[in-house]
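Undergrad: Before I ask anything, here is the structure I am working with.
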Amino acid sequence: MSKFEIKIEKAGSAWKVNMAGVIDEDADFNPHSLAGAPAVELQLSQIKSINSCGIREWIKWMGTAGSVPVKYHECPKIIVDQINMVQGFLPANGKVMSFYVPYYNDDSGSEKNVLFTLGKEYGDQGIQAAPAVKDEQGNDMEMDIVEAKYFKFLKK
Amino acid sequence: MKFHAQGSAIFANLSEQAKRLYPNIQVITLNSKSGATGKEVVFVDENLEADQVIAEVINRNLHNLIQKNEGRFEETLLASGRLLENQKNYFQSDYCFFADHAETKVQIPFTGPPDKQVLKKLSLEFSRQVGNSSVVSAADAVIEELYMNAIIDAPREAKKKGIQSQGIECQLYLGKVKDWLQVSCTDPYGSLDIQQFLGRMSEVYTKGAGQAINLDDSGGAGLGCVILFEASACLILGVQPGVQTKVTCLIPLGISNRKRAEMKKSLHWFEL
């Protein structure tokens, strides 16, 4: 079980926040207030899991940023699921800059996570150009999600 | 003592085996006009979304609502019959929903936060053995919430109700049978108020999780219950008041994450 880690770089025009590990009832956001940040950029690719307590703490912590712009980078599926399910998980002034989409091949069972980036694979109106993805044996892979649910946050 | 099946479309493939094995279980389509109720009735549908399952269970006071998923309905129905025929068996520490014994299983006792790391390590190892990464992720989400229910919510509710614990040891059970991963968690309090549990789920589905979440509460509230249901194809809630609570989630194996997300959900609940 990987421990919750958070590092904040406060230099520049936006505070850069790197998060990793498990966000659960033991994750302590209190020493990491975002109050006073001119803007916040979160790198989320290393988050492994989040439970209901972690979600609640996350929302409270996001509230410390106030109304400054917040950007989420490289959101894994577990974060996209929360953005879709829990209003406020992505604050009103927040934007998803990139997120992972799971792909799957039914025959081989191969799995891959593909990064979708704002302005490239998707825009403010939704998916623009989903890439064709192959596994290591050259088999075509399909998006392993229910598109109406997984991409719901793009239309908010 | 009769097997009662109404609704020819849904029951077209219902086996003689189910009728023979569980003659005292009534199986009725949800939209039939039979007016049947009771704990021994299994209601069946095939088109309900997760929120609609919870609404039907609450509004019509249903105890058993199962849904038809292609290739899996027969075994789900048989397992439901088996559960209803003797609900006491459900509380056996190695009770397996789909068969007498799991093909492979692990049972992990735990008593509190110091055990969580070992619990997570062993359960992740097990789910990696039996499923792909999306199964591991679903199982992990379920285990997180079951752990929270057992360690935080159950003793808190027990204290409120003046229930003396039957011990301090909880147990997590993971078993693989056929194309299913069963995750069960038992706590020694029997303090779960199932109506309240379902009501909180309903609140999350109707108001939205962001509105229903209580930012000042230390417990799991409705969001955790919904996370359990969303990650599973079937949820079983059993309570022996003042003795024990056992919550089971069934996660389908051998299919993609998309197909698992599209599966229709089933729910059983009972108090002994």
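For the record, the sequence lines run as chains L and F.
Each position in the first sequence, counted from 1, maps to that position plus 9 in my numbering.
Each position in the second sequence, counted from 1, maps to that position plus 10 in my numbering.
We treat Cβ as the ideally placed atom computed from N, Cα and C, and that holds for glycine.
What residue range does the beta strand (DSSP E) around leucine 51/L cover?
TA: The residue you call residue 51/L lines up with position 42 of the first sequence. Start and end: 49 to 59.
Undergrad: Since tyrosine 131/L meets chain F, which of its residues come closer than 9 Å, beta carbon to beta carbon?
TA: The residue you call residue 131/L lines up with position 122 of the first sequence. Within chain F, no residue comes near tyrosine 131/L; the closest Cβ sits about 18 Å away, beyond 9 Å.
Undergrad: Beta-carbon of isoleucine 87/L versus every beta-carbon of chain F: anything under 9 Å?
TA: On the first sequence, residue 87/L is found 78 positions in, with the first residue counted as 1. So yes, isoleucine 87/L belongs to the interface.
Undergrad: Only counting the same chain, and skipping five residues up and downstream in sequence, which positions put a Cβ closer than 8 Å to that of leucine 127/L?
TA: Walking along the first sequence from the start, residue 127/L turns up at place 118. Within the same chain, leucine 127/L has close Cβ partners Lys104, Val105, Met106 and Ser107.
Undergrad: Within 10 angstroms of the Cβ of lysine 19/L, are there 16 or more other Cβ atoms? Answer buried if so, exposed if not.
TA: On the first sequence, residue 19/L is found 10 positions in, with the first residue counted as 1. Exposed, because fewer than 16 other Cβ atoms sit within 10 Å of the Cβ of lysine 19/L.
Undergrad: Just the C-alpha distance for valine 155/L and phenylalanine 83/F, rounded to the nearest angstrom, thanks.
TA: In the first sequence, the residue the question calls residue 155/L occupies position 146. In the second sequence, the residue the question calls residue 83/F occupies position 73. If you take the alpha carbons of valine 155/L and phenylalanine 83/F, they lie about 22 Å apart.
Undergrad: Which of the three DSSP states is assigned to tyrosine 183/F in this structure?
TA: Here residue 183/F corresponds to residue number 173 of the second sequence, with the count starting at 1. In the structure shown, tyrosine 183/F sits in a strand (DSSP, three-state: E or B).
Undergrad: Any idea if tyrosine 32/F is buried or exposed, counting beta-carbon neighbours within 10 angstroms, 16 or more meaning buried?
TA: As a first step, residue 32/F must be located in the second sequence, where it is residue number 22. Buried.
Undergrad: Given this structure, state the Cα-to-Cα distance separating alanine 109/F from asparagine 99/F, to the nearest angstrom.
TA: Walking along the second sequence from the start, residue 109/F turns up at place 99. Walking along the second sequence from the start, residue 99/F turns up at place 89. Straight-line Cα distance between these residues: approximately 12 Å.
Undergrad: How big is the Cα-Cα spacing for alanine 160/F and alanine 168/F?
TA: Walking along the second sequence from the start, residue 160/F turns up at place 150. Walking along the second sequence from the start, residue 168/F turns up at place 158. Roughly 11 Å separates the two Cα atoms.
Undergrad: At a Cβ cut of 7 Å, what residues of the region 104 to 131 of chain L count as close to chain F, listed as they run along the chain?
TA: Against chain F - using a Cβ distance shorter than 7 Å - the residues of the region 104 to 131 of chain L are Pro111, Tyr113, Asp115, Gly118 and Glu120.
Undergrad: Does DSSP classify tyrosine 32/F as helix, strand or coil?
TA: Within the second sequence, the letter at position 22 stands for residue 32/F. The answer is coil: DSSP assigns tyrosine 32/F none of H, G, I, E or B.
Undergrad: Around the C-beta of proline 140/L, are 16 or more other C-beta atoms found within 10 angstroms, so that it is buried, or is it exposed?
TA: Your numbering for residue 140/L matches position 131 in the first sequence. Classification for proline 140/L: exposed.
Undergrad: Just curious, the beta strand (DSSP E) that valine 140/F is in, first and last residue?
TA: The residue given as residue 140/F occupies position 130 in the second sequence. Segment 126 to 140 is the alpha helix (DSSP H) holding valine 140/F; no beta strand (DSSP E) there.
Undergrad: Mind pulling the chain L residues with CB within less than 8 Å of glycine 220/F?
TA: Here the question's residue 220/F lines up with position 210 in the second sequence. Within chain L, the residues near glycine 220/F are Ile68, Val95, Gln96, Gly97 and Phe98.
Undergrad: Short of 6 Å in beta carbon distance, which residues of its chain neighbour asparagine 27/L, apart from the five on each side in sequence? Order them along the chain.
TA: As a working note, residue 27/L is residue 18 in the first sequence. Taken in chain order, the residues that qualify are Lys16 and Gln52.
Undergrad: For isoleucine 154/L, return the contacting residues in chain F, with the cut-off set at a CB-CB distance below 8 Å.
TA: Taking the first residue of the first sequence as 1, we reach residue 154/L at position 145. Under the 8 Å cutoff, chain F gives Asn267, Arg268 and Ala271.
Undergrad: Given this structure, state the Cα-to-Cα distance separating aspartate 143/L from lysine 86/L, to the nearest angstrom.
TA: Counting from 1 along the first sequence, the entry for residue 143/L is found at position 134. Counting from 1 along the first sequence, the entry for residue 86/L is found at position 77. According to the sequence shown, residue 143/L is lysine rather than aspartate. Taking the straight line from one Cα to the other gives about 20 Å.
Undergrad: Do serine 58/L and serine 147/F have their CB atoms nearer than 9 Å?
TA: Taking the first residue of the first sequence as 1, we reach residue 58/L at position 49. Taking the first residue of the second sequence as 1, we reach residue 147/F at position 137. Going by C-beta atoms, serine 58/L is nearer than 9 Å to serine 147/F.
Undergrad: Mind checking glutamate 213/F: buried by the 16 CB within 10 Å criterion, or exposed?
TA: For the purposes of this step, residue 213/F is taken as residue 203 along the second sequence, with counting starting at 1. Classification for glutamate 213/F: buried.
Undergrad: What's the call for proline 111/L, buried or exposed, on a 16-neighbour Cβ count within 10 Å?
TA: As a first step, residue 111/L is located in the first sequence; it is residue number 102 there, counting from the start. By the 10 Å Cβ count, proline 111/L comes out buried.
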